[in-house]
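Chemist: The opening position of the sequence shown corresponds to residue 1 in full-length UniProt numbering, with each subsequent residue numbered one higher.
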Amino acid sequence: MRYMLLICGNPHPGADGCDDPLDEKTQAWVDEMTARGVRLSGSRLRSTATATTVRHRDGDLLVSDGPFAETKEQILGYDLIECADLDEAIEVASKHPVTKFATIEIRPIWPTP
């Protein structure tokens, strides 16, 4: 089953410096989970200041700058994983070094028909 790991937390100042390589511990996690064949993809996200929101209301297209909701915590990144079950997904997420300062939300993905 596929799961999305949503990395949620408070952004660090200068977090939009996406040219910065992943820190050593995170890169080790990425390498391990890729080698195990459970990590399919993932990336950091730029800050909510760069977000654009799109929605239709009463037949009108509304495009606005910024996130859907202003919150203290933001989605900082994601990883798409494929695991046998939720227990394995929890084990994979628990090894991610960001759990020391952020939260990982594990969400099962609906299979595409």
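We put the beta carbon where it would ideally sit given N, CA and C, even for glycine.
#1: Comparing the CB of D87 with every heavy atom of the ligand FMN, is any distance shorter than 8 Å?
#2: Please report how far the alpha carbon of T48 lies from the alpha carbon of I7, in whole angstroms.
#3: Provide the residue(s) that pair with E105 in DSSP beta bridges, ordered along the chain.
#4: Is it the case that the Cβ atoms of P108 and R36 are separated by a distance below 9 Å?
#5: Taking just the CA atoms, how far does D23 sit from P97?
#6: Taking the beta carbon of R39 as the centre, do at least 16 other beta carbons fall within 10 Å, making it buried, or is it exposed?
#7: Taking a contact to mean a Cβ-Cβ separation below 9 Å, would you say L80 touches L5 in this structure?
Modeler: According to the structure shown:
#1: The ligand FMN is absent from the structure shown, which contains no ligand whatsoever.
#2: C-alpha separation (whole angstroms): 14 Å.
#3: For E105, which the question treats as bridged, DSSP gives the partners L6.
#4: Not closer than 9 Å, so no.
#5: Taking C-alpha positions only, P97 is separated from D23 by approximately 10 Å.
#6: So R39 counts as buried.
#7: Yes.
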